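A short worksheet on the structure shown next.
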DNA sequence: AGTGGTCGCTAAACTGATTTAGCAGAGCAT
DNA sequence: ATGCTCTGCTAAATCAGTTTAGCGACCACT
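Residue numbers (the numbering used here), protein chains in the order written: chain A, 1 to 341; chain B, 1001 to 1341.
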């Protein structure tokens, strides 16, 4: 790959100067006393030869590679991974960096391998990403250099980037309150494991907290809370069927994520009820499916692209150490209406 | 990052041997006449010091980086990208390689940048991936080294990896025929642009061809073909409504992808028809939503993980030059039944 | 005794950049 | 004439590996 490229020595020779001079000019070094004419000749020579520096050689000397490692537990299983990566990719490009991507699959052996692979390549920093927002333990080996946690926190006090799930919870609840819903709001997606174990999820607890906060402020309490063992459509479906079997039908439902909401839609459809006339639905994530549903599902969007971008910025530009919370914007869609009289 | 690592010189010193000897032993060079004892000492020293070679230094000399570039047009917009990358990542790890990921976003400037970035880093090869199966033109700059096209072909005769859409089309049609459907099969998702311009899509034409082939072999012709400007749920919805407005209701529908099928489901639900009792549905892609629909949607799966893996294998292990077609397995789900009597 | 071959190992060159240390010449003051 | 500073540039070391060329000791054979 890229065999016969011009080297710095070639450029220097063509410019009639030393490698030192050529290097200094091309790197725009301040305080050098090279003449304007020398600058000209070096730039011209580099241009003519199509010179591009050999980064392996450079990084051997400087210990910089302009490369960032993006180490994640699982990239494939969630569709959001792409957005996280895309945001990171964009920010990296703007700073002339490139992303080395590895995956640990939550397996200690793979993780070990991934860490060694990136350290061997002398990356300038590591973005350690989790696909579900959670707390995790960072392998000590990477602590020798800059690390940013993406969609995760740890007890190491490392800089981290998280979605603002708490505020999203308040947003969801307030949106319903503003429409006039009060004592007939139900919640689908309670889950002890997700709420209590930060190594499993931080989102569940934060969303729930935000929801309760907002409802509490308005002096409203939930009509019902449905527990779900997973946050998949089938569980949302079952939960909604359960709700419809009760004496009081809810006027609105908050689902802990869009997949649950999808299941809820299915149950409502089968029961012959329509969204939002009979029941309003609001949710979290902004999975693509939210826009595809009929009517479109209102939801607070996980700002994955923003988060990926922020992680790179924190890594390269430095900055705050307290967790960086990225807002989750509300996507208003047709699933919202005032309660039926 | 990784500052005070032991160098080869450290290992050699500790083993009481030269750098040459240490290098040869650690690289397992054949034909060297170093004693068994020398081998022992080098291995022991390396182990004790936790020696890991500096890959920048190595690749400066060898021009190998154990790094593959994964250059794609768009990684984020389709959820399948993750699977493509995961497959490539796995295969790369098995061969002790790592993936450098860049994205061109279909923009010439970004592409130029991406190409330079990877060539500067002396990657051992390039996987050039498209997110929609199509024909594309490879930038000449990367032709200096090994290149594999992933989910794409070109006119350069480069090795390429594609899903076997033609066979998937036959599979879909044959599956319906075997259930007893004959003259009331409709097709949703015809699209001149996708069918006629290989730079837009190869899948549409191939799937259509496979479907026609299978039906033709059984001497069956399609009841109806619905054209859709895009392959999104809303278009599937509209198409299905159109079909239901006709005099003869289809007994089965083939949708060109799962998102169209999702829209079709919505229209069927609103019309009070049930899948599969009233109408069978079969489709392509195996989008996660196929499994979430009620009833589950039968579909032929895009083997993205397999394809990513195959691309790395072709790149590193060499091999065939004719396009490598990866089979699309049928996922049988509840959306299939014999036609109503 | 001289020649040749094998064994076990090493010195030094090489990859392509950056960086340190310093040299030659001009200008100026003493 | 001497010393000093400033200007404009370069030689050589350095990063951490791989690779080439070859050295000294020992043995066997004629």
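Glycine residues also receive a C-beta, built at the ideal position from the N, C-alpha and C atoms. As the structure is a computational prediction, the values presented were derived from the model and not from experiment.
Residue 1322 of chain B sits in coil when the DSSP states are folded into three classes, being neither helix nor strand. Counting along the chain, the unbroken beta strand (DSSP E) around residue 1135 of chain B starts and ends at 1125-1135. Residues of chain B with a Cβ closer than 7 Å to the Cβ of residue 233 of chain A are, in chain order, 1292.
Counting along the chain, residue 103 of chain A sits inside the beta strand (DSSP E) bounded by residues 98-103. Here the alpha carbon of residue 63 of chain A sits roughly 14 Å from the alpha carbon of residue 97 of chain A. The Cβ of residue 262 of chain A sits closer than 8 Å to at least one Cβ of chain B.
Measuring C-alpha to C-alpha distances from residue 1131 of chain B to each of B:1070, B:1112, B:1167 identifies B:1070 as the nearest. Excluding five sequence positions before and after residue 136 of chain A, the CB atoms of its chain that fall closer than 7 Å to its own CB belong to 130, 152, 154, 199, given in chain order. Counted as a single uninterrupted DSSP element, the alpha helix (DSSP H) harbouring residue 1177 of chain B occupies residues 1165-1179. The segment 1310-1324 of chain B makes no contact with the segment 1253-1272 of chain B, as fewer than three CB pairs between them are under 8 Å.
Counting C-beta atoms within 10 angstroms of its own C-beta, residue 84 of chain A has 16 or more neighbours from the protein chains shown and is therefore classed as buried.
If the five residues before and after residue 1233 of chain B are omitted, its C-beta is found closer than 6 Å to the C-beta atoms of 1259, 1262, 1263, all from its own chain and listed in chain order. Residue pairing by DSSP places residue 1225 of chain B opposite B:1187 in a beta bridge.
With contacts defined by Cβ atoms closer than 8 Å, residue 297 of chain A and residue 328 of chain A do not form a contacting pair. Residue 258 of chain A carries a helical assignment under DSSP once its states are collapsed to helix, strand and coil. Secondary structure at residue 68 of chain A: strand, using DSSP grouped into helix, strand and coil. For a Cβ distance threshold of 9 Å, residue set 1067, 1098, 1099, 1100, 1101 of chain B lies close to residue 100 of chain A, ordered along the chain.
Counting other Cβ atoms within 10 Å of its Cβ, residue 79 of chain A reaches 16 or more and is therefore classed as buried. Taking each of A:86, A:142, A:67, A:66 in turn and checking the Cα distance to residue 1073 of chain B, the smallest one comes out for A:86.
Contact residues of the segment 1272-1299 of chain B toward chain A are 1289, 1292, 1294 (C-beta to C-beta distance below 7 Å). Among the residues facing chain B, residue 183 of chain A is not included, as its CB has no counterpart in that chain under 8 Å away. Under the Cβ distance rule, residue 207 of chain A does not count among the residues neighbouring chain B, no pair being separated by less than 8 Å. Proximity of residue 1269 of chain B to chain A, defined by a Cβ-Cβ separation below 8 Å, is satisfied. About 5 Å separates the CB atoms of residue 159 of chain A and residue 148 of chain A; that is less than 8 Å, so the two are in contact. Taking the Cα positions, residue 1181 of chain B is about 7 Å away from residue 1251 of chain B. Burial state of residue 227 of chain A is exposed, judged by a 10 Å Cβ sphere holding fewer than 16 other Cβ atoms.
Boundaries around residue 150 of chain A are those of the beta strand (DSSP E), 147-153, since no alpha helix (DSSP H) includes it. From the beta-carbon of residue 314 of chain A, no residue of chain B is found nearer than 8 Å; the closest lies around 16 Å away. Contact residues of the segment 1082-1093 of chain B toward chain A are 1082, 1083, 1085, 1086, 1089, 1093 (C-beta to C-beta distance below 7 Å).
A Cβ-Cβ distance of about 5 Å is found for the pair residue 173 of chain A and residue 215 of chain A, placing them in contact under the 8 Å criterion.
For residue 59 of chain A, the chain B residues whose Cβ falls inside 8 Å of its Cβ are 1056, in order along the chain. Between residue 186 of chain A and residue 253 of chain A, the gap from beta carbon to beta carbon is short of 8 Å. Not flagged as an interface residue toward chain B: residue 128 of chain A, since no C-beta distance is shorter than 8 Å. Checking the DSSP bridge columns, you'll see residue 220 of chain A has no partner listed. Nearest in C-alpha terms to residue 279 of chain A, of all of A:291, A:255, A:326, A:54, is A:255.
The beta carbon of residue 111 of chain A does not come within 8 Å of any beta carbon belonging to chain B, so the residue lies off that interface.
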